[in-house]
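> Respectively, the protein sequence lines represent chains A, B, C and D.
The first sequence maps to residues 1 to 204 in my numbering.
The second sequence maps to residues 1001 to 1204 in my numbering.
The third sequence maps to residues 2001 to 2204 in my numbering.
The fourth sequence maps to residues 3001 to 3204 in my numbering.
C-beta: ideal position from N, C-alpha, C; glycine also.
Since we're looking at a predicted model, the values are computed, not measured.
Please find one structure pasted underneath; my questions will follow.
4 protein chains.
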Amino acid sequence: MARPRNTESDALILAAAAETLLRSGYDGLVIDELARVVGVAKTTVYRRWPTKNHLVVSVIAGWQDEVGVAGPGGMVGGQADGTIVDAAGDLAHIATALTAIVGGMCRALDPAPMRRLVAELAAARMTDDELGSSVDRLWAERRAAIAAVLERGIASGGLRHDLDVELAMDELAGAVYYRVLITGAPLDDRYAHALVQSVLAGAR
Amino acid sequence: MARPRNTESDALILAAAAETLLRSGYDGLVIDELARVVGVAKTTVYRRWPTKNHLVVSVIAGWQDEVGVAGPGGMVGGQADGTIVDAAGDLAHIATALTAIVGGMCRALDPAPMRRLVAELAAARMTDDELGSSVDRLWAERRAAIAAVLERGIASGGLRHDLDVELAMDELAGAVYYRVLITGAPLDDRYAHALVQSVLAGAR
Amino acid sequence: MARPRNTESDALILAAAAETLLRSGYDGLVIDELARVVGVAKTTVYRRWPTKNHLVVSVIAGWQDEVGVAGPGGMVGGQADGTIVDAAGDLAHIATALTAIVGGMCRALDPAPMRRLVAELAAARMTDDELGSSVDRLWAERRAAIAAVLERGIASGGLRHDLDVELAMDELAGAVYYRVLITGAPLDDRYAHALVQSVLAGAR
Amino acid sequence: MARPRNTESDALILAAAAETLLRSGYDGLVIDELARVVGVAKTTVYRRWPTKNHLVVSVIAGWQDEVGVAGPGGMVGGQADGTIVDAAGDLAHIATALTAIVGGMCRALDPAPMRRLVAELAAARMTDDELGSSVDRLWAERRAAIAAVLERGIASGGLRHDLDVELAMDELAGAVYYRVLITGAPLDDRYAHALVQSVLAGAR
DNA sequence: AGCTAAGCGAGACGGTACGTCCAGTCTTTCG
DNA sequence: CGAAAGACTGGACGTACCGTCTCGCTTAGCT
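See below:
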């Protein structure tokens, strides 16, 4: 009965927002201008995302969906690592699977615009509860991927039975985000490899 | 030769800004109101710090000088862990020293206002270079404290000779900041203890 | 198609601005306060008038439309003097008509707030072209009223054929504005009467 | 007993202020910048003139002293017209003397910067009493010159005994200022001549 | 010759207004 | 009802001047 939403607008807005976010950061994304550029009314944006923050979350979620848990540039699809870990539970395979995931994170988060964005989202998380949970869901995906690998590792006997999975995840993901947000140190596959080795050294 | 700046104003402004920053976060700090509260003209603030960001940097720098590595609320002074590590280099002592530092971090960073602030600073770091380096210096202090302990541990034989100190620090500090900024999980001494144990498990 | 401007706001803002302008002069008109008084956001004012000057122009233009040549407080309508001059062209009637107009000017311009305003507008005229032409249009109305009378006087033979109408107007209006702006001398009907007599003495 | 003021500073400040005033108008004259340009402390300016307005008045007064009542570009010195009028009181000589004075006014006030300045002073007059009287004194000089001529004209029988001198002056000076401030019409010697003729026509 | 009051430069300071920028909401009219 | 257009509230930001003040130094002229 009612006029249906123009789904094309969704895509256009997201695309433009994504580009602007990467190019100019959170503050550089101005809803007014975004709408103008896309050729859409500001209301159309706000009807879909109640807040600038929500829109930003959507953009990032889109990036994840687009490239799997590994983030843009990554290559580990959900089913793929499942298969790998199912096939073999021994330490080498666990390391390989983790390195793939962590490496994907590194490649995804290394670029400066992405770092800025992650920082801004972390800040937004603190003030805005609703957005907070959205952002949490975002981060949670990669966390779950790591958890899956670790738990299969435990199940397969490659890792200690009393391994604190939470803690191991904090160390892995934490080190990466620490470099992203706090030290600004570079992130690449080599670092991912070393990090995984180091953490597994205490998890065997 | 000219009338000197009223250094008391500097102090009052910084104090008020610090308090507001902790209580209300970056956005809660409004220059106009700050000036009013301190009883100073807005121009007096802007004469000292050309931008809100510059002021925030000063506040943080002040925290550093004031409280050492532990940050506001923390209590780990340089001499304390120095003494501990000097006294004995074996693993138990290393663990104790690290737990003290990491526990200090946890207690300092756990409160919500502090989390918000850290996140906002991490974000500001990305855009504003000047502020960035100031923030970096801030974080660097704790990092140095951890490094010192680790290196003495290596020297004393308590830790592996080929231990990647950088990596170990990333794991320790990273896990903490990860919880502060990304997962929002609580931080306390128990966590600090477990974290240190876990990391040392792979460092022996 | 879009939401139309609230025309009531226009009116309210103009009214409040007009009152403030008369009571407190140009500098006494503060946009921030104006908006507050009217109960409107400052942006709503700036959307309509990009500058304080533009707003002042609008106010003045409003006065024109509202009160005719006589200005605020004046009372000489177009038809009144028209009738008079139509009825008889001889000198006495010309003098009466002119005295009415000039007297209206005197009464309108005599009060201190009006003097201040006229002076401020004369000053603004010089810097701001847009505002200048608006102000010019304002002054022009009275000038035209005087010119009409003089020209009918010439046509009816009451005044010299070679009378320089421009010059006579300069003398009449000039004397009034001179007192308004330069000497500060009082203006009333008696003065208007004497002035008209004096100028007509040389115009017969 | 104390160190005397540096009179050279007075001159330099006045000169710079004069130039700026003519080039950039009242608002373009910024005390801070003036002091910087002259190479003098702001206090040195304010010690001499308590207010920007006072300084501006001084500048204008300087112009008068410099060139006699006729203003910059004029040439009728006090003694000159005295001599002229003393020599002969008949109408032709009165007209000549008045034309000289009024012509001087025209030449002095015609340039756009001067118009702006006069307008700004007229506005300042209204708000600032102290400055008002200074400005009044300024205008009064030319007025006095005209009055002198008219009164001698009356004494010599060239002008009517019952001539209202005030009114005649208002007409003469008023027409000029009216063009300066209100209509923006050009002013030159031809206009001065016509104006004097017209006013004298009713004064005989 | 030395004391001292004032001049001077430099620039901090309080105060006040301006005009700008955005986020998010509300109000129309059209399809 | 969805969409386009854009008005509206609300609040902060940084800028610009004015006129006052406080330093420390310099200098003329009285004692």
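Taking the alpha helix (DSSP H) that D:V3038 belongs to, which residues open and close that run?
Counted from its first residue, the fourth sequence places residue 3038 of chain D at position 38. Element bounds for D:V3038: 3031-3038.
> Output yes if chain B places a C-beta closer than 7 angstroms to the C-beta of A:S198; else output no.
As a working mapping, residue 198 of chain A is identified with position 198 in the first sequence. True, the Cβ-Cβ gap to chain B drops below 7 angstroms.
> Taking buried to mean at least 16 other C-beta atoms within 10 Å of its own C-beta, is C:E2033 buried or exposed?
Taking the first residue of the third sequence as position 1, residue 2033 of chain C is located at position 33. Exposed is the call here.
> Can you look up D:L3163 in the DSSP assignment and give me helix, strand or coil?
In the fourth sequence, the residue the question calls residue 3163 of chain D occupies position 163. D:L3163: coil per DSSP, three-state reduction.
> Compute the Euclidean distance between the alpha carbons of C:E2008 and C:A2016, then round it to the nearest angstrom.
Residue mapping note: residue 2008 of chain C aligns to position 8 of the third sequence, counting from 1. Residue mapping note: residue 2016 of chain C aligns to position 16 of the third sequence, counting from 1. Distance between the alpha carbons of C:E2008 and C:A2016 is about 12 angstroms.
> Determine the closest residue to A:E207 out of A:A194, A:E166, A:V57, with distance taken between C-alpha atoms.
In the structure as shown, chain A starts at 1 and stops at 204, and residue 207 of chain A therefore has no counterpart that could be examined.
> State the DSSP-derived secondary structure class of D:A3016, mapped to helix, strand or coil.
Residue mapping note: residue 3016 of chain D aligns to position 16 of the fourth sequence, counting from 1. Of the three classes helix, strand and coil, the one that applies to D:A3016 here is helix, per DSSP.
> Identify the contact partners of B:A1139 in chain A, using a Cβ-Cβ distance below 8 angstroms as the criterion.
As a working mapping, residue 1139 of chain B is identified with position 139 in the second sequence. Residue identity check: residue 1139 of chain B is Trp in the sequence provided, not Ala. Neighbours of B:W1139 on chain A, chain order: I182, T183.
> Exposed or buried, what is D:N3053 when buried is set at 16 or more other beta-carbons lying within 10 Å of its beta-carbon?
Residue mapping note: residue 3053 of chain D aligns to position 53 of the fourth sequence, counting from 1. The residue in question, D:N3053, is buried, as its Cβ has 16 or more Cβ neighbours within 10 Å.
> Work out the CA separation of B:D1010 and B:P1004 for me, nearest whole Å.
As a first step, residue 1004 of chain B is located in the second sequence; it is residue number 4 there, counting from the start. As a first step, residue 1010 of chain B is located in the second sequence; it is residue number 10 there, counting from the start. Cα to Cα, the separation comes out at about 12 angstroms.
> Going by alpha carbons, who is nearest to D:Y3178 out of C:A2122, C:R2036, C:N2006?
Start at 1 with the first residue of the fourth sequence, and residue 3178 of chain D comes out as number 178. For D:Y3178, the nearest C-alpha among the options comes from C:A2122.
> Could you name each continuous alpha helix (DSSP H) segment of 4 residues or more that falls completely within the region 3080-3146 of chain D, going from the start of the chain to the end?
3091-3109, 3112-3127
> Can you grab the Cα-Cα spacing for the pair C:E2194 / D:V3038, in whole Å?
Here residue 2194 of chain C refers to the residue found at position 194 of the third sequence. Here residue 3038 of chain D refers to the residue found at position 38 of the fourth sequence. A quick correction: the sequence has Ala, not Glu, at residue 2194 of chain C. Approximately 51 angstroms between the Cα atoms of the pair.
> Should A:A192 be labelled buried (16 or more other beta-carbon atoms within 10 Å of its own) or exposed?
Locating residue 192 of chain A in the first sequence gives position 192, counting from the first residue. By the 10 Å Cβ count, A:A192 comes out buried.
> Looking at the C-beta of B:E1120, does it have a partner C-beta in chain A at a distance below 7 angstroms?
Working through the second sequence from its first residue, we reach residue 1120 of chain B at position 120. Interface with chain A (7 angstroms Cβ-Cβ cutoff): B:E1120 is included.
> Measuring straight from C-alpha to C-alpha, what distance separates C:L1961 and A:L109?
Residue 1961 of chain C falls outside the range modelled here, since chain C spans only 2001 to 2204, and no answer is possible.
> Scan the region 1106-1119 of chain B for residues whose Cβ lies nearer than 8 angstroms to a Cβ of chain A and list them as they occur along the chain.
A1112, R1115, R1116, A1119
> Drop a sphere of 10 angstroms on the beta-carbon of A:G202, count the other beta-carbons inside from all chains shown, and report buried for 16 or more, exposed for fewer.
Looking up residue 202 of chain A in the first sequence gives position 202. It is buried - the Cβ of A:G202 has at least 16 other Cβ atoms within 10 Å.
> From what residue to what residue does the alpha helix (DSSP H) around C:Y2046 run?
Position 46 of the third sequence holds residue 2046 of chain C. Per DSSP, C:Y2046 belongs to the alpha helix (DSSP H) from 2042-2048.
> Mind the definition here: the region 3172-3191 of chain D touches the region 3092-3106 of chain D only if three or more C-beta pairs lie below 8 angstroms; say whether that holds.
yes
> Give me the Cα-Cα distance between B:L1159 and A:L200, rounded to the nearest whole angstrom.
One-based indexing of the second sequence puts residue 1159 of chain B at position 159. One-based indexing of the first sequence puts residue 200 of chain A at position 200. In a straight line, the C-alpha of B:L1159 is about 17 angstroms away from that of A:L200.
> Please report the distance separating the alpha-carbon of B:H1161 from that of B:A1035.
Counting from 1 along the second sequence, the entry for residue 1161 of chain B is found at position 161. Counting from 1 along the second sequence, the entry for residue 1035 of chain B is found at position 35. Approximately 55 angstroms between the Cα atoms of the pair.
> Closer than 7 angstroms, CB to CB, is D:G3202 near chain C or not?
Position 202 of the fourth sequence, counted from the start, is the residue given in the question as residue 3202 of chain D. True, the Cβ-Cβ gap to chain C drops below 7 angstroms.
> State the Cα-Cα distance for the pair C:K2042 and C:I2031, rounded to the nearest angstrom.
Stepping through the third sequence from its first residue, residue 2042 of chain C is reached at position 42. Stepping through the third sequence from its first residue, residue 2031 of chain C is reached at position 31. Approximately 7 angstroms, taken between the alpha carbons.
> Where A:G153 and A:W63 are concerned, what is the direct C-alpha to C-alpha distance, given to the nearest angstrom?
Counting from 1 along the first sequence, the entry for residue 153 of chain A is found at position 153. Counting from 1 along the first sequence, the entry for residue 63 of chain A is found at position 63. Spanning the two alpha carbons is a distance of roughly 28 angstroms.
> Taking the beta carbon of A:R47 as the centre, do at least 16 other beta carbons fall within 10 Å, making it buried, or is it exposed?
By one-based count along the first sequence, residue 47 of chain A stands at place 47. Exposed, because fewer than 16 other Cβ atoms sit within 10 Å of the Cβ of A:R47.
> For B:L1167, would you say it is in contact with chain A, using Cβ-to-Cβ distances shorter than 7 angstroms as the test?
Translated into positions along the second sequence, residue 1167 of chain B becomes position 167. It does; some Cβ of chain A falls within 7 angstroms.
> Pairs of beta-carbons, one from the region 167-174 of chain A and one from the region 130-147 of chain A, closer than 8 angstroms: are there three or more?
yes
> Within 7 angstroms of any Cβ in chain C, is that where the Cβ of D:E3171 sits?
Looking up residue 3171 of chain D in the fourth sequence gives position 171. Taking Cβ atoms only, chain C reaches closer than 7 angstroms to D:E3171, which makes this a yes.
> With a threshold of 7 angstroms between beta-carbons, can B:G1104 be considered close to chain A, or not?
By one-based count along the second sequence, residue 1104 of chain B stands at place 104. It does not; no Cβ of chain A falls within 7 angstroms.
> Does the CB of B:A1095 have a neighbour CB from chain A at under 7 angstroms?
By 1-based counting over the second sequence, the position of residue 1095 of chain B is 95. Output row for B:A1095: interface = no.
> Hey, does C:G2078 have any beta-carbon neighbour from chain D nearer than 7 angstroms?
Position 78 of the third sequence, counting from 1, holds the residue named residue 2078 of chain C. A caution first: C:G2078 carries a pLDDT of 40, below 50, which makes its placement in the model unreliable, though a value can still be read off. No, no contact with chain D.
> For a contact meaning CB atoms closer than 9 angstroms, what does D:Y3177 contact in chain C?
Numbered from 1 along the fourth sequence, position 177 holds the residue referred to as residue 3177 of chain D. In chain order, G2174, Y2177, Y2178, L2181, I2182 make up the part of chain C whose C-beta sits under 9 angstroms from the C-beta of D:Y3177.
> Can you give me the Cβ contacts of D:T3099 inside the same chain, cut-off strictly under 8 angstroms, excluding the 5 residues immediately before and after it?
Residue numbering aside, residue 3099 of chain D sits at position 99 when the fourth sequence is read from its first letter. Closer than 8 angstroms at Cβ, skipping near neighbours: D3189, A3192, H3193, V3196.
> Could you say which of A:D164, A:A185, A:L14 lies nearest to A:P111 if we only look at CA atoms?
Position 111 of the first sequence, counted from the first residue, corresponds to residue 111 of chain A. Ranking A:D164, A:A185, A:L14 by Cα distance to A:P111 puts A:A185 first.
> Verify the CB distance criterion: does C:A2018 have a CB-CB separation below 7 angstroms to chain D?
Counting from 1 along the third sequence, the entry for residue 2018 of chain C is found at position 18. Answer no: the Cβ-Cβ gap between C:A2018 and chain D never drops below 7 angstroms.
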